[in-house]
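Chains as they are written, first to last, in the numbering used here: chain G, 785 to 1151; chain L, 1421 to 1801.
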């Protein structure tokens, strides 16, 4: 089973854009207040460079699976570390996504619905999709992606009249006490790019990997910057500091005259749910992929098993508290994932040469 | 039984469980849509929240045609209900016992509070609105000279829905009426921005021939979340033009030709602009406004060419006087509702960090320049 370059791009962008979409203006303000866009741009460029380098290495080593590629670069024992890191990251992101999902939906759409039901329905849909294989995931996300993009563009276009240009003047540009927290949040918002490691062998045209890597970061970066500039322009950095979901407030402040939709914030909530869903699909897929590459188990048992484990972890009473307590540490760890790991792979590629090996794919013809 | 059949049955059962209802559902006909809300303080020092809500069955019957406000008369499609408590949220929660419907804030359009509430501080009220996801940021904020709930019991011809009435009244800009619009989102941003205070339209329920009607009397000036004073009607006109976002509407002037001649002009375009100059701790502000005016009515014989500059000068005098009055009042209250401090904060941030704006603002000097351009032609002559 192979995916087209467009599908690979949509998959990567969908994996990258997640829950951070609603809070990224706040993360930028936490770092440098008046120039909230700057750290988002800088980290975007850094991620773009690292993913571009990774794409180059992957092209050099041909269409190998993650396990083979990793073992070829770092040896049999050390080579297990990269998949292990991806697995651990994914297993932590799933309950985190579920907790965040419940936090927002319990305040917006599903006021009296218990967490196990919200998270359970969400996980079940995600696991069901993952179990159908990468081709189905790609086709579903190909449908969701343009809808999401159009909705974001519509809200931002409507919001432009509320922008107060004075707010965009570079006043009060100073590193804030909350900078580390903000940088962690921003880094987390770019973290899905590393999944190129897994998607690469499935590419129909692997020579497009570099172009895909550039657009996979550019698109989220443009969306994040547009949302941040709109939020700062409409609300101002001082107001954003007080808000949990600044992007949502843009929509709440915007009205489309003569439109039949009165509440644009609901569009953002739905978009956010889609973004969270696609990210959850990505991390469940990656976790299942790594486990299946190590153990010869039925694919459905693994994917549904991950779903059940994540659901149990998410509904445990202390999970939300734990996630909040360690969210900054967790976010900072994503620097290693999205910037450090590609660089290590890039450096290692200078003294390891590609060799011919057999391929093993998840959900593909050589399981 | 084959596997497909079992899967179909299971899928059907799942769909029945998942899609046949909502968890903790609130049926639409069990909700009371709060369209407007009034906040007052009682003699006992409690908060009183009054909600203005429709009665869906009576709306469907076409009740209330011919005007009237709330109050809950038998024929009225709208009713008001009040709750008291030690906090706004507490008072609001007590509303539930007064109606068979469950109050819902998703369609809240207007919030009115009395000056007594505003002078104690709006922080708590705004906090309640801000925390509630259902409340939109474009909810109109108004201040009431006396009891806020009186403004939910006024009678307005042909518009029983008072929330709609107030929203339309303030959307339809008219300089002569000193209208400007402050919604929740704008208020929150103004209060968060350094060097910027807020003004809210101030109304009262005027009693005439046994009927209560709403009347705009000026503006409530809010500084650091508390009302610190008022703008008169005349001062509000200056504020509306300079900082209240009024860029359209009509203006009527006299005193340019024969003594009894009036001219009503429509503003086609208004472009207000503030600039500041800073020398040490001396701040000099400059306010300029360009106006494109179209004649709507002239009570004299003929609007001759030599009258045009005289009309423009009269407009300029009138607007300058209004603006200077608003500015002087803002300075006397030490509340920078015109946002000159905000301009310094964003455009001259280094200077701002050295200034104590509360001490600087009352001494800010201002130069006003009004440049009207009159097109003497109307639609037909």
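C-beta atoms are modelled at their ideal positions from N, C-alpha and C, and glycine is treated no differently.
query: Classify residue 850 of chain G as buried or exposed, calling it buried when 16 or more other Cβ atoms lie within 10 Å of its own Cβ.; result: buried
query: Determine the direct distance from the alpha carbon of residue 1603 of chain L to that of residue 949 of chain G, and round the result to whole angstroms.; result: 19 Å
query: How many Å lie between residue 897 of chain G and residue 1505 of chain L at the Cα?; result: 28 Å
query: Residues of chain G with a CB under 7 Å from the CB of residue 1712 of chain L: which are they?; result: Chain G residues near residue 1712 of chain L: none, gap ~20 Å exceeds 7 Å.
query: With H, G and I counted as helix, E and B as strand and the rest as coil, what does DSSP make of residue 820 of chain G?; result: coil
query: Whose C-alpha, out of G:999, G:1066 and G:1038, is nearest the C-alpha of residue 945 of chain G?; result: G:1038
query: What in chain G is Cβ-close to residue 1767 of chain L, meaning under 7 Å?; result: 953
query: Could you check whether residue 886 of chain G and residue 903 of chain G sit closer than 8 Å to each other, using their CB atoms as the reference points?; result: yes
query: Can you list, in chain order, the residues of its chain with a C-beta nearer than 7 Å to that of residue 1067 of chain G? Leave out the 5 residues immediately preceding and following it.; result: 874, 877 and 878
query: Taking residue 1649 of chain L as the reference, give the member of L:1583, L:1578 and L:1752 with the closest Cα.; result: L:1752
query: Are the beta-carbon atoms belonging to residue 1093 of chain G and residue 797 of chain G less than 8 Å from one another?; result: no
query: In chain order, which continuous runs of the beta strand (DSSP E) of length 3 or greater are located wholly inside the stretch 862-928 of chain G?; result: none
query: Please compile the residues from chain G whose C-beta is within a distance smaller than 7 Å of the C-beta of residue 1522 of chain L.; result: The premise fails here: residue 1522 of chain L is roughly 12 Å from chain G at the closest Cβ pair, so nothing lies under 7 Å.
query: Report yes or no: is there a C-beta of chain L within less than 8 Å of the C-beta of residue 950 of chain G?; result: yes
query: How about residue 1105 of chain G and residue 966 of chain G: do their beta carbons lie closer than 8 Å?; result: no
query: Along the stretch 1543-1577 of chain L, where does the CB come closer than 7 Å to a CB of chain G? Name the residues.; result: 1553, 1556, 1557 and 1558
query: Measure the Cβ-Cβ separation of residue 1671 of chain L and residue 1692 of chain L and say whether it is below 8 Å.; result: no
query: Under DSSP, the alpha helix (DSSP H) around residue 1030 of chain G begins and ends at which residues?; result: 1030-1036
query: Express the C-alpha separation of residue 1580 of chain L and residue 1489 of chain L in angstroms, rounding to a whole number.; result: With a pLDDT of 42 at residue 1489 of chain L, under the threshold of 50, the predicted position of this residue should be treated as unreliable, though the coordinate-derived value follows. Approximately 5 Å between the Cα atoms of the pair.
query: Taking only beta-carbon positions, decide if residue 1762 of chain L is within less than 8 Å of chain G.; result: yes
query: Taking C-beta to C-beta, are residue 1530 of chain L and residue 1640 of chain L nearer than 8 Å?; result: no
query: Please name the residues in the stretch 1582-1611 of chain L whose beta-carbon is closer than 7 Å to at least one beta-carbon of chain G, in chain order.; result: 1605, 1608 and 1609
query: Have a look at G:928, G:837 and G:863 and flag the residue whose alpha-carbon is nearest the alpha-carbon of residue 791 of chain G.; result: G:928
query: Alpha carbon to alpha carbon, how far is residue 1431 of chain L from residue 855 of chain G? Give it in angstroms, no decimals.; result: 43 Å
query: What residue from L:1567, L:1746, L:1498 and L:1570 has the CA that sits closest to residue 1662 of chain L's CA?; result: L:1746
query: Which two residues bound the contiguous beta strand (DSSP E) that contains residue 1121 of chain G?; result: That residue, residue 1121 of chain G, is in no beta strand (DSSP E); it is neither H nor E in DSSP.
query: For residue 809 of chain G and residue 1619 of chain L, I'd like the C-alpha separation in whole angstroms.; result: 28 Å
query: Can you check whether the C-beta of residue 1756 of chain L is within less than 8 Å of a C-beta belonging to chain G?; result: no
query: Output the distance between the C-alpha atoms of residue 997 of chain G and residue 1078 of chain G, rounded to the nearest integer angstrom.; result: 27 Å
query: Put residue 1794 of chain L into one of helix, strand or coil per three-state DSSP.; result: strand
query: Residue 1530 of chain L bridges to which residues according to DSSP?; result: L:1456 and L:1560
query: How about the stretch 1583-1599 of chain L and the stretch 1537-1552 of chain L: do they share at least three Cβ pairs that are nearer than 8 Å?; result: no
query: Is the beta carbon of residue 800 of chain G closer than 8 Å to that of residue 977 of chain G?; result: yes
query: Look at the Cβ atom of residue 1794 of chain L, then the Cβ atom of residue 1703 of chain L, and state whether they are nearer than 8 Å.; result: no
query: Run the CB neighbour count on residue 1412 of chain L, radius 10 Å, all protein chains shown included, and call it buried at 16 or more, exposed below.; result: Not covered by the structure: residue 1412 of chain L. The range shown for chain L is 1421 to 1801.
query: In this structure, how does DSSP classify residue 1100 of chain G when only helix, strand and coil are distinguished?; result: coil
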